[in-house]
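Converting from the sequence shown to my numbering requires adding 25 to each position, the first position being numbered 1. Positions of the beta carbon are idealized from the N, C-alpha and C atoms, including for glycine. Given the structure is predicted, the values throughout are model-derived calculations rather than measurements.
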Amino acid sequence: WSSDVCSSDLFSKYSSSEFELTIEYDFEFKNLSILSIRSMTNLFFRDPPFHHQEDINSSYFKGFTGKSCYSEKQTALSGEYRFSIHEDFIYTGIFCDLVLFEAEGFEISGTKRGAIAGPTVRILFYDQFEFIAYYGRDILLPDKTSQNNINMRFRKKW
């Protein structure tokens, strides 16, 4: 787990503060399957400037793609179970993410909740690089709006 508390921009008239807490843990089973649990809380205090607000769509919550939802206060919980379908190189599985946030925008505002779930696939290349794809349907509560989402990443694994 990690946490970060920082203060204002050096040359800014704002004097805001940020608190971020992330917790990540992977459980690996004997059959090469993995259960990942991740959590993130991000809180801004004392009237932060708009460019400090965090996007709700992140690696902790893979929903609301393209909606540009930003918040000064959010907590997200992500769970993923994946199992190997070819040695330690190709994995597939399911994921479920939840988020609670205070919306800061023109289109939506107030306390909102979101959820997304669906299948995922991971492919490891040359033991160094990883392609990850998520597909899911999110829901924004209490508005009860939803959409399909596809998230893809290519990253250096180690």
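Residue pairing from DSSP places glutamine 99 in a beta bridge opposite Asn67 and Phe126. Between cysteine 121 and alanine 142 a beta carbon distance of about 4 Å is seen, short of the 8 Å cut, so the two are scored as contacting.
By the CB criterion at 7 Å, asparagine 67 and glutamate 49 fall outside the cutoff.
When the beta-carbon positions are compared, glycine 139 and glycine 88 come within less than 7 Å of each other. Contact annotation: phenylalanine 69 and glutamate 105 have beta-carbon atoms that are not nearer than 7 Å. In the structure shown, the three-state DSSP call for phenylalanine 86 is coil.
Secondary structure note for glycine 135: its beta strand (DSSP E) is the uninterrupted segment 134-150. Counting the other Cβ atoms within 10 Å of the Cβ of threonine 145 gives 16 or more, which makes it buried. Nearest to lysine 182 by C-alpha distance, out of Glu127, Phe114 and Thr47, is Phe114.
DSSP places serine 171 inside the beta strand (DSSP E), whose first and last residues are 170-181.
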